[in-house]
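Keeping their order, the protein sequence lines are chains A and B. FYI, in our numbering the residues of the first sequence are 1126 to 1238. FYI, in our numbering the residues of the second sequence are 1126 to 1238. Some notes on the structure that comes next.
There are 2 protein chains.
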Amino acid sequence: MTRTADDLSGVFHALADPTRRAMISRLRQGAATVGELAEPFPMSRPAISQHLKVLERAGLIERTADAQWRRCTLRTEPLDEASAWVERHRGEWNERFDLLEERLRERKGQTNA
Amino acid sequence: MTRTADDLSGVFHALADPTRRAMISRLRQGAATVGELAEPFPMSRPAISQHLKVLERAGLIERTADAQWRRCTLRTEPLDEASAWVERHRGEWNERFDLLEERLRERKGQTNA
DNA sequence: CGTATGGTGAAGTGAACAGTTAATTAAGGA
DNA sequence: TCCTTAATTAACTGTTCACTTCACCATACG
């Protein structure tokens, strides 16, 4: 399940929903089952499941089966990537960094923005 | 057009598209007209306009009319907000900060996640 | 004036999204 | 075995998204 690794779009998309952000906030204070994660929200379980799938696709959570429970744990690496992108686009960051970035992008031949 | 100010969803949504991220990247090195921004992309002008509208709604750009040109400039405040959210959800941040956050959220009575 | 240039508005399309209900799988306990 | 609990899958619905084309508005210029 080694997600595409450089899909910032997926991460930002995952973060664009308040429910999913709340889930991440919740998970920051420790792993939780789907039921526990669902509890604060007035929506059906399948809806919760789908939100979790989005988070999983973005690499933001891992689900491990524990009997009939799925224990969800937070993975912060994608947040690091997202943070890196944002950080280098605000404020007066090092211009050299931008140049380096561009060179790398050229090599990979991808439009990662 | 003083956007809702606390709409992280809008900002993250804006960042979830590679075209829009590329536009932001471009704007980091100075203001640009719509035409200049459109140049790298193989899509119609109205499509560009719509992307710019999303960026504007998120507070990420400002458009000022200059004769028949619209000069777009980057606004980084929303990126600061986005960064703040991400920063406090990755790594082992100060727990007190979370508590403070929660208090503030209670006062405003909003679910900002 | 007429016409080119820069950009937006409006309407439509297909795909993705966020939610629903109903059915299904899987494990635990009586 | 039967029943309950935990969670997912499947199928469907309404909305939003990312485009398109065509029409429009505004400014500069001959």
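Heads up, the beta-carbon is just placed ideally off N, CA and C, and yes, glycines get one too.
Could you please give the first and the last residue of the uninterrupted beta strand (DSSP E) stretch that includes residue 1199 of chain A? Looking up residue 1199 of chain A in the first sequence gives position 74. That run of the beta strand (DSSP E) goes 1194–1199.
Q) Which residues share a DSSP beta bridge with residue 1144 of chain B? A) Along the second sequence, one-based indexing puts residue 1144 of chain B at 19. According to DSSP, residue 1144 of chain B shares a beta bridge with no other residue.
Worksheet item: Would you call the stretch 1170–1181 of chain B and the stretch 1145–1160 of chain B touching, i.e. three or more CB-CB distances under 8 Å?
Response: For the pair of segments examined, the stretch 1170–1181 of chain B was found to touch the stretch 1145–1160 of chain B: the number of CB pairs separated by less than 8 Å reaches three.
**Study point:** Under 7 Å from the C-beta of residue 1215 of chain B: neighbouring residues of chain A
**Key:** In the second sequence, residue 1215 of chain B corresponds to position 90, counting from 1. Per Cβ cutoff of 7 Å: 1201, 1204, 1205, 1208.
Contact list for residue 1076 of chain A against chain B, beta-carbon separation under 8 Å
Residue 1076 of chain A is absent from the model: chain A starts at 1126 and stops at 1238.
Minimum Cβ-Cβ distance from residue 1177 of chain B to chain A less than 7 Å: Against the second sequence, residue 1177 of chain B aligns to sequence position 52. Not an interface residue.
| DSSP beta-bridge partners for residue 1190 of chain A? | On the first sequence, residue 1190 of chain A is found 65 positions in, with the first residue counted as 1. Residue 1190 of chain A is bridged to A:1195.
The alpha helix (DSSP H) that contains residue 1213 of chain A, what's its start and end?
The sequence position of residue 1213 of chain A within the first sequence is 88, counting from 1. In this chain, residue 1213 of chain A is not harboured by any alpha helix (DSSP H), its DSSP state being neither H nor E.
message = Below 8 Å, how does it come out for the stretch 1152–1170 of chain B and the stretch 1189–1197 of chain B: are there three or more Cβ pairs, yes or no?
response = Enough Cβ pairs lie closer than 8 Å, so yes.
By the three-class DSSP mapping on this structure, what secondary structure does residue 1157 of chain B have? Numbered from 1 along the second sequence, position 32 holds the residue referred to as residue 1157 of chain B. Of the three classes helix, strand and coil, the one that applies to residue 1157 of chain B here is strand, per DSSP.
Since residue 1152 of chain B and residue 1173 of chain B should fall inside the 8 Å C-beta cutoff, what is the C-beta to C-beta distance between them, to a whole number of angstroms?
Against the second sequence, residue 1152 of chain B aligns to sequence position 27. Against the second sequence, residue 1173 of chain B aligns to sequence position 48. Actually they are not in contact, since the Cβ atoms of residue 1152 of chain B and residue 1173 of chain B sit about 13 Å apart, beyond 8 Å.
| task | Could you tell me whether the Cβ atoms of residue 1139 of chain B and residue 1209 of chain B are closer together than 7 Å? | result | Residue numbering aside, residue 1139 of chain B sits at position 14 when the second sequence is read from its first letter. Residue numbering aside, residue 1209 of chain B sits at position 84 when the second sequence is read from its first letter. Against a cut-off of 7 Å, the Cβ pair of residue 1209 of chain B and residue 1139 of chain B comes out as no contact.
Examine chain B for any beta-carbon lying closer than 7 Å to the beta-carbon of residue 1211 of chain A, and answer yes or no. The residue labelled residue 1211 of chain A in the question sits at position 86 within the first sequence. Yes, contact with chain B.
| Residue span of the alpha helix (DSSP H) that contains residue 1172 of chain A, given as start and end | Here residue 1172 of chain A corresponds to residue number 47 of the first sequence, with the count starting at 1. Residues 1170–1182.
_Under 7 Å, Cβ to Cβ, is there at least one residue of chain B near residue 1157 of chain A?_
To locate residue 1157 of chain A, count along the first sequence from 1; it is residue 32. Nearest CB-CB separation between residue 1157 of chain A and chain B: not below the 7 Å threshold.
Does residue 1153 of chain A get closer than 7 Å to chain B when you measure Cβ to Cβ?
In the first sequence, the residue the question calls residue 1153 of chain A occupies position 28. At least one CB atom of chain B sits nearer than 7 Å to the CB of residue 1153 of chain A.
Beta-carbon spacing of residue 1141 of chain A, residue 1137 of chain B below 7 Å = Stepping through the first sequence from its first residue, residue 1141 of chain A is reached at position 16. Stepping through the second sequence from its first residue, residue 1137 of chain B is reached at position 12. A contact, by the Cβ cut-off of 7 Å.
- Task: Kindly indicate if chain B contains any beta-carbon less than 7 Å away from that of residue 1238 of chain A.
- Result: Counting from one through the first sequence, the residue named residue 1238 of chain A turns up at place 113. Low confidence applies here, because residue 1238 of chain A scores a pLDDT of 49, under 50, leaving its location unreliable and the question unanswered by this model.
Closer than 7 Å to chain B by CB, residue 1180 of chain A
Against the first sequence, residue 1180 of chain A aligns to sequence position 55. Taking Cβ atoms only, chain B never reaches closer than 7 Å to residue 1180 of chain A, which makes this a no.
Quiz prompt | Spatial distance of residue 1202 of chain B from residue 1206 of chain A (CA atoms) | solution = Taking the second sequence and counting its residues from 1, the one referred to as residue 1202 of chain B is at position 77. Taking the first sequence and counting its residues from 1, the one referred to as residue 1206 of chain A is at position 81. Roughly 19 Å between the two C-alpha positions.
Item checked: Partner residues on chain A for residue 1140 of chain B, Cβ-Cβ distance less than 7 Å -> Position 15 of the second sequence holds residue 1140 of chain B. The contacting residues are 1137.
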